[in-house]
Each structure stands twice: as structure tokens, then as C-alpha cells.
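Written below as C-alpha cells is the structure these notes are about.
Number of protein chains: 2
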Amino acid sequence: MLSSVERRIEQFVASLEEPEIAESIAKIPAGKRLRARLMIEIAGSGQSVIDTAAIIEMIHAASLLHDDVIDDAFTRRGVASINALYGNKSAIMIGDILYSKAFYELVDIDRFVAKVVSNAVVQLSIGERKDVAMSEHFSVDREAYITMIYQKTAALIEAASEAAAILAGKDREIYRTYGRNLGIAFQMIDDILDIVSDSQTLGKPALNDFVEGKTTLPYIYLYQELESDEKEQLKAMHRRQLSKSEQEWILAKLSEHKVIERAKKEAFSLIEEAIELMQKAGEKGLEAIAVKMVDRSF
Amino acid sequence: MLSSVERRIEQFVASLEEPEIAESIAKIPAGKRLRARLMIEIAGSGQSVIDTAAIIEMIHAASLLHDDVIDDAFTRRGVASINALYGNKSAIMIGDILYSKAFYELVDIDRFVAKVVSNAVVQLSIGERKDVAMSEHFSVDREAYITMIYQKTAALIEAASEAAAILAGKDREIYRTYGRNLGIAFQMIDDILDIVSDSQTLGKPALNDFVEGKTTLPYIYLYQELESDEKEQLKAMHRRQLSKSEQEWILAKLSEHKVIERAKKEAFSLIEEAIELMQKAGEKGLEAIAVKMVDRSF
Numbered sequence: 000m001l002s003s004v005e006r007r008i009e010q011f012v013a014s015l016e017e018p019e020i021a022e023s024i025a026k027i028p029a030g031k032r033l034r035a036r037l038m039i040e041i042a043g044s045g046q047s048v049i050d051t052a053a054i055i056e057m058i059h060a061a062s063l064l065h066d067d068v069i070d071d072a073f074t075r076r077g078v079a080s081i082n083a084l085y086g087n088k089s090a091i092m093i094g095d096i097l098y099s100k101a102f103y104e105l106v107d108i109d110r111f112v113a114k115v116v117s118n119a120v121v122q123l124s125i126g127e128r129k130d131v132a133m134s135e136h137f138s139v140d141r142e143a144y145i146t147m148i149y150q151k152t153a154a155l156i157e158a159a160s161e162a163a164a165i166l167a168g169k170d171r172e173i174y175r176t177y178g179r180n181l182g183i184a185f186q187m188i189d190d191i192l193d194i195v196s197d198s199q200t201l202g203k204p205a206l207n208d209f210v211e212g213k214t215t216l217p218y219i220y221l222y223q224e225l226e227s228d229e230k231e232q233l234k235a236m237h238r239r240q241l242s243k244s245e246q247e248w249i250l251a252k253l254s255e256h257k258v259i260e261r262a263k264k265e266a267f268s269l270i271e272e273a274i275e276l277m278q279k280a281g282e283k284g285l286e287a288i289a290v291k292m293v294d295r296s297f
Numbered sequence: 000m001l002s003s004v005e006r007r008i009e010q011f012v013a014s015l016e017e018p019e020i021a022e023s024i025a026k027i028p029a030g031k032r033l034r035a036r037l038m039i040e041i042a043g044s045g046q047s048v049i050d051t052a053a054i055i056e057m058i059h060a061a062s063l064l065h066d067d068v069i070d071d072a073f074t075r076r077g078v079a080s081i082n083a084l085y086g087n088k089s090a091i092m093i094g095d096i097l098y099s100k101a102f103y104e105l106v107d108i109d110r111f112v113a114k115v116v117s118n119a120v121v122q123l124s125i126g127e128r129k130d131v132a133m134s135e136h137f138s139v140d141r142e143a144y145i146t147m148i149y150q151k152t153a154a155l156i157e158a159a160s161e162a163a164a165i166l167a168g169k170d171r172e173i174y175r176t177y178g179r180n181l182g183i184a185f186q187m188i189d190d191i192l193d194i195v196s197d198s199q200t201l202g203k204p205a206l207n208d209f210v211e212g213k214t215t216l217p218y219i220y221l222y223q224e225l226e227s228d229e230k231e232q233l234k235a236m237h238r239r240q241l242s243k244s245e246q247e248w249i250l251a252k253l254s255e256h257k258v259i260e261r262a263k264k265e266a267f268s269l270i271e272e273a274i275e276l277m278q279k280a281g282e283k284g285l286e287a288i289a290v291k292m293v294d295r296s297f
């Protein structure tokens with residue numbers, strides 16, 4: 000059924016009647032289409048579901064194009080990003096075209112669905128801004144971090160689930176919670192993987208997030224555990240290239256204070272809550288998607 | 000009545016509940032608010048008109064933020080642009096927040112109005128892309144140029160007029176044509192001013208558009224008039240810094256072939272058509288706005 004979403008995206012893009020632009024858009028990697036997948040699982044593959052899923056995936060693609068410019072990211076899903084291939088300006092412009100076409104099509108969708116989806120885009124734009132702003136200083140405010148990843152990552156997954164529930168006449172609140180929990184856990188796990196996955200070049204974690212100024216959940220918990228002189232030491236390493244010994248110090252401290260376990264536990268408990276909701280609702284497919292997220296890369 | 004639009008924009012921004020973002024947005028110069036002015040002139044100042052005008056002005060502001068990044072423009076309306084003040088990334092992010100908030104509010108507006116406005120945003124995004132793509136080569140296709148400036152500049156002015164006509168229960172087609180003609184003429188005049196206005200530093204026209212690769216209407220007409228060896232000469236000067244003698248050659252040729260007059264005449268005839276439409280409709284205020292555009296800076 001995901002192929003119907005792909006076809007619908009192609010149709011939306013083709014209706015712009017700009018072959019050269021369609022060609023650039025066709026080069027954007029499709030990704031896992033998690034949001035569309037969730038929608039079809041919740042609401043089936045009727046036309047309005049496919050339309051809304053296509054719109055949400057176009058919005059997601061547009062946001063990634065802009066994020067990669069903002070984060071100076073040159074790869075995305077293991078291949079060169081659009082800004083790396085065609086420059087930042089093209090990435091901004093293609094993003095704007097995808098966003099505006101998605102909104103144009105959203106006007107024809109159920110009004111409640113349109114409100115939910117457009118609100119999520121506001122949230123994700125604000126979230127991206129906060130992510131950048133927070134990385135400019137050493138931020139260890141857990142609440143601010145959770146709000147930011149909710150806005151940046153979870154809001155659109157939450158909106159996809161809620162929109163599908165509206166279209167299927169199911170309970171909005173349950174699916175909304177499911178999507179939100181999955182989204183927040185997804186970002187938490189992503190942030191943990193940055194610390195526990197070996198970089199290909201280094202053979203050990205590169206701690207990229209911390210180097211870029213992003214003090215994700217493990218760093219927030221680590222800061223809470225450190226002695227006051229160690230706190231200063233960690234702060235002094237923030238947002239700059241790390242020496243080998245600095246990297247090792249951070250990894251040792253993270254391990255000493257079992258911070259990764261704590262962060263994982265927090266992500267998993269969100270996923271567990273999502274699984275329980277789906278068990279009660281008899282949603283085997285959605286349960287399986289949540290279970291799979293736990294297995295992701297550990 | 001324009002102050003109602005300003006207040007509405009402030010309210011929309013305040014409802015994001017992000018004071019720091021509101022502060023950045025407040026620093027964007029308001030400009031002439033041409034689109035809002037036209038709307039109020041056409042449809043009065045009822046709530047739905049003010050709402051739609053505020054939405055359209057937010058969209059316009061967002062598009063300028065992104066355009067200035069794409070065009071490497073460091074001033075806007077005589078003051079430092081947002082990208083110059085806060086960097087390209089902030090300009091992209093603030094633009095995305097304004098766009099998405101505008102679309103979120105658009106969902107609550109009349110469906111036909113929402114369709115007209117969102118279609119214009121698609122057009123202006125495509126127009127901006129074409130403007131950049133066309134400047135990369137020596138383009139002297141008049142049709143392509145007119146289509147591009149229609150999309151880039153006129154589409155949103157056209158949409159503002161048409162949206163106001165819908166809200167006021169007036170004839171959509173007449174106001175649509177009025178807005179489109181005004182918008183195309185506005186851009187043509189802008190392009191002419193780049194050639195006839197003295198630059199502050201040089202004391203004569205800097206021909207910035209041509210240096211940036213933009214072959215606007217006067218260059219298209221000039222190319223048609225030149226001998227074939229002169230055609231090659233002009234082409235060879237495209238999209239690079241010009242020497243003093245090259246600048247003088249271009250200005251002399253433009254003058255010899257009365258190309259500026261021809262381009263002005265074309266812009267003025269669009270405005271005349273707009274004026275006639277408004278005379279027939281008994282719209283004195285809109286007639287005056289069109290008349291004023293002719294006087295703009297010549």
C-alpha cells in the first residue's frame with residue numbers, strides 16, 4: 000500500500016507541470032516512510048488516507064531538506080544530501096516548493112485533519128529553531144530538551160497518527176499518544192546511537208552531537224551526576240573538536256554513571272506505553288511497529 | 000485599517016507562545032503592505048479580510064526571507080536584511096515558521112480563498128527557482144521571462160486581489176486581472192530601475208541584475224536589436240563583473256535602441272489596462288494605487 004503513497008506523491012509533483020523540478024524531487028531518497036506506514040496501518044488505504052499520507056511525507060521531505068542546510072549535513076540516510084549534491088540554495092527552494100504544494104493539497108482534505116497537520120508543521124519549524132538555539136549554549140534543562148524533540152521530531156508523527164484516526168473514525172487521543180510516544184522515543188534512540196555507535200572513520204563513537212553543541216538526554220543526565228569540578232570540565236568541552244583523551248573521558252564518565260542505560264530506559268518506557276495502548280486497541284500491526292523500534296540498532 | 004493587519008500579524012505570532020521567535024519576527028521591516036492595502040481597498044476591513052491580509056503578508060515576508068538567502072542579498076528596503084543580521088540559517092528558520100503559521104491560519108479561512116492563496120505560494124516558490132535557474136545561462140526568451148516574473152512576483156498580488164474579491168462577493172476575474180497586471184508591471188519597473196537608477200557608489204547604474212545573470216526585459220529586447228557580432232559581445236559580458244567601458248557600451252546600446260522606452264511602455268500598458276478595469280468598476284482607490292505605480296521612480 001506504500002506504493003500508492005509513492006504514486007500519489009509523484010502525481011502531486013507531476014501536476015506542477017515543471018519537469019525539471021520533478022526531476023530534482025525524484026532524487027530525494029524516500030526513506031522508511033514511517034508516517035505513511037502508520038497512517039495506512041491505522042486507517043487503511045482509502046483515497047483520503049493515501050492523499051494525507053502523501054502530503055505528510057512531502058512535508059517531512061521538505062523539512063529534512065531545510066534541516067540539512069541548517070545543520071550543514073552532507074549525508075542523509077547514507078547517501079549525499081540534496082544540499083551536498085545541488086547546493087544549499089536548491090535545497091531551500093525545492094523544500095519551499097514541496098511545502099507549498101503539500102499545503103495546497105491539504106486545503107482539499109478534511110478540515111480537522113488539515114488543522115492537525117498544519118499545526119505539526121508549525122511545531123516542527125519551531126523545534127528546529129530551538130534545536131539550533133539550544134546547541135549554541137550548554138543546555139542541560141531536561142524539560143526544554145523533551146519539548147524540543149517533541150516539536151522537532153514527534154509532532155509530525157503524532158499528527159500522522161491522529162490524522163489517520165480522524166479519517167478512520169477511531170479514538171483520536173489514543174493514536175495521538177501512540178504517535179507522540181513513538182516520535183519522542185525515536186529521537187531519544189537516535190541521540191543515544193550517536194554516543195554508542197562506532198564511527199566508520201574512528202572505530203569508536205565520534206560524539207558528533209556534543210561536538211555540534213547538542214546536549215542530548217545522556218549528557219543532561221551525566222551533568223546531573225558529575226561532581227562540580229567535573230561539571231565544569233564537561234562544559235569546557237562543549238561545542239568544539241574533542242581530543243582523543245577528552246572523548247575517552249566523556250565515554251568513561253557516561254559508562255561510570257550508567258547514563259546510557261537510564262536514557263534507554265526512558266525511551267523504552269515510552270514505547271512500552273505505546274505498545275500497551277495498541278494491545279488494548281487490538282492493533283497488532285501498530286504494536287509490531289513499536290516493538291521493532293526497540294530493536295532498532297542496539 | 001492597515002494597522003488592524005499589523006495587529007493581527009502580531010496576534011498570530013504571539014499565539015506561537017515563543018517570545019524569542021516573536022522578537023526576531025518583529026525585526027522584519029513591514030514594507031509597504033501592498034497586498035494588504037489592495038485587499039482592504041477591494042473588500043473593506045471585516046475580520047475575514049484582515050485575517051487573510053495578515054496571512055498573505057506573513058507569506059510575503061517569509062518568501063522575502065528565503066529570497067534574500069537565495070540571492071545573497073544583504074539589504075532589503077534600504078536596511079540590513081535578516082540573513083545579514085542573523086545569518087542565513089536564522090532567515091530560513093524564521094521563514095519556515097512564518098510560512099507554516101500562515102498556512103495553519105489559512106485552514107480556518109474560506110476554502111476557495113485558501114485554494115487561491117496556497118496556489119500562489121506554489122507559484123512563487125517555482126518562480127524563485129526559475130529566476131535562479133534562468134540566471135545561470137544567458138536567457139533571452141521573453142515568454143519564459145514573463146512567466147517567471149508572473150510566478151515570482153505577480154501571483155501573490157493576483158491572489159490577494161482575487162481572495163478579496165471572493166470575500167467581498169465581487170467579480171473574481173476583474174480583480175484577478177487587476178492584481179496580475181499590477182504585479183507583472185511592478186516587477187518590470189523594478190527591473191528597469193536597476194538599469195536607469197544611479198548606484199550610490201558609482202554615480203551611474205550598476206547593472207546589478209545583468210552582473211548577477213538576470214537578463215530582464217530590456218536585455219531581452221536589446222538582444223533582439225543587436226547585430227550578430229554585438230549579440231556575442233553582450234553574451235560574453237553576462238554574469239560577471241563589468242569593466243567601466245563594458246558598462247558604458249551596454250548603456251549606450253540600450254539607449255541607441257530605445258529599449259528602456261519599449262520596456263516601460265509594456266509595463267505602462269499593463270497598468271493602463273488595470274486602471275481601465277477599475278474605472279469601469281468605479282473603484283477610485285484601486286485606480287489611484289495603479290496610477291501611483293506608474294509614478295513610482297521615474
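Residue numbers (numbering that gives the first Met the number 0), protein chains in the order written: chain B, 0 to 297; chain L, 0 to 297. Beta carbons: idealized from backbone N, C-alpha and C, even for Gly. Bear in mind that the values here come from a model prediction, so they are computed numbers and not experimental data.
Using a Cβ cut-off of 9 Å, pull out every chain L residue sitting near residue i, in sequence order please.
{"i": "residue 98 of chain B", "result": "95, 98, 99, 102, 120, 124"}
{"i": "residue 2 of chain B", "result": "The premise fails here: residue 2 of chain B is roughly 25 Å from chain L at the closest Cβ pair, so nothing lies under 9 Å."}
{"i": "residue 138 of chain B", "result": "Near residue 138 of chain B there are no residues of chain L at all, since even the closest Cβ is about 13 Å away, more than 9 Å."}
{"i": "residue 134 of chain B", "result": "What residue 134 of chain B touches in chain L: nothing, since even the nearest Cβ is about 11 Å away."}
{"i": "residue 44 of chain B", "result": "Going along chain L, no residue has its Cβ under 9 Å from residue 44 of chain B, so there is no contact; the nearest lies around 25 Å."}
Does DSSP classify residue i as helix, strand or coil?
{"i": "residue 139 of chain L", "result": "coil"}
{"i": "residue 215 of chain B", "result": "coil"}
{"i": "residue 79 of chain L", "result": "strand"}
{"i": "residue 59 of chain B", "result": "helix"}
{"i": "residue 65 of chain B", "result": "helix"}
{"i": "residue 269 of chain B", "result": "helix"}
{"i": "residue 242 of chain B", "result": "coil"}
{"i": "residue 30 of chain L", "result": "coil"}
{"i": "residue 12 of chain B", "result": "helix"}
{"i": "residue 93 of chain B", "result": "helix"}
{"i": "residue 284 of chain B", "result": "helix"}
{"i": "residue 130 of chain L", "result": "helix"}
{"i": "residue 225 of chain B", "result": "coil"}
Along chain B, which residues have their Cβ under 7 Å away from the Cβ of residue i?
{"i": "residue 114 of chain L", "result": "106"}
{"i": "residue 127 of chain L", "result": "92"}
{"i": "residue 254 of chain L", "result": "Correct list: empty, because the minimum Cβ distance to chain B is about 34 Å."}
State the beta-bridge partners of residue i as determined by DSSP.
{"i": "residue 74 of chain B", "result": "B:79"}
Which chain B residues sit within Cβ distance under 9 Å of residue i?
{"i": "residue 131 of chain L", "result": "88, 89, 92"}
{"i": "residue 242 of chain L", "result": "Here the premise fails: no neighbours, minimum Cβ distance about 28 Å."}
Below 7 Å on C-beta distance, what does residue i contact in chain L?
{"i": "residue 110 of chain B", "result": "106"}
{"i": "residue 65 of chain B", "result": "91, 95"}
{"i": "residue 227 of chain B", "result": "Result: empty, since nearest Cβ-Cβ is about 29 Å, beyond 7 Å."}
For a contact meaning CB atoms closer than 8 Å, what does residue i contact in chain L?
{"i": "residue 47 of chain B", "result": "Simply none; closest approach about 16 Å."}
{"i": "residue 20 of chain B", "result": "125, 128"}
{"i": "residue 80 of chain B", "result": "Here the premise fails: no neighbours, minimum Cβ distance about 15 Å."}
{"i": "residue 268 of chain B", "result": "Those within 8 Å of residue 268 of chain B in chain L number zero; the least Cβ separation is about 28 Å."}
Residue i versus chain B: which residues are under 8 Å apart at the beta carbon?
{"i": "residue 15 of chain L", "result": "121, 125"}
{"i": "residue 59 of chain L", "result": "Within chain B, no residue comes near residue 59 of chain L; the closest Cβ sits about 13 Å away, beyond 8 Å."}
{"i": "residue 160 of chain L", "result": "What residue 160 of chain L touches in chain B: nothing, since even the nearest Cβ is about 19 Å away."}
{"i": "residue 198 of chain L", "result": "Under the 8 Å cutoff, chain B gives no residues; its nearest Cβ is about 25 Å from residue 198 of chain L."}
Along chain A, in chain order, which residues have C-beta atoms closer than 7 Å to that of residue i?
{"i": "residue 68 of chain L", "result": "Although the question refers to chain A, the structure presented lacks it and instead comprises the protein chains B and L."}
Quiz prompt | Inter-stretch contact at 8 Å, needing at least 3 Cβ pairs: the region 118-134 of chain L / the region 7-20 of chain L | solution = no
Quiz item: Hey, which unbroken runs of the alpha helix (DSSP H) at 4 residues or more fall wholly within the region 151-209 of chain B?
Solution: 154-167, 171-195
Practice problem: Give a yes or no on contact between the region 145-162 of chain B and the region 79-97 of chain B, applying the rule of three or more CB pairs nearer than 8 Å. | Solution: no
Quiz item: If you pair each beta-carbon of the region 65-77 of chain L with each one of the region 49-56 of chain L, do three or more pairs fall below 8 Å?
Solution: no
Quiz item: Touching or not, the region 187-194 of chain B and the region 250-270 of chain B, by the rule of three or more beta carbon pairs under 8 Å?
Solution: yes
Exercise. Examine the Cβ distances between the region 255-264 of chain L and the region 215-223 of chain L and report whether three or more of them are shorter than 8 Å.
Key: yes
Quiz item: Okay, do the region 156-166 of chain L and the region 104-118 of chain L touch, 3+ Cβ pairs below 8 Å being the bar?
Solution: yes
Quiz item: Does the region 136-147 of chain B come close enough to the region 141-148 of chain L that 3 or more CB-CB pairs lie under 8 Å?
Solution: no
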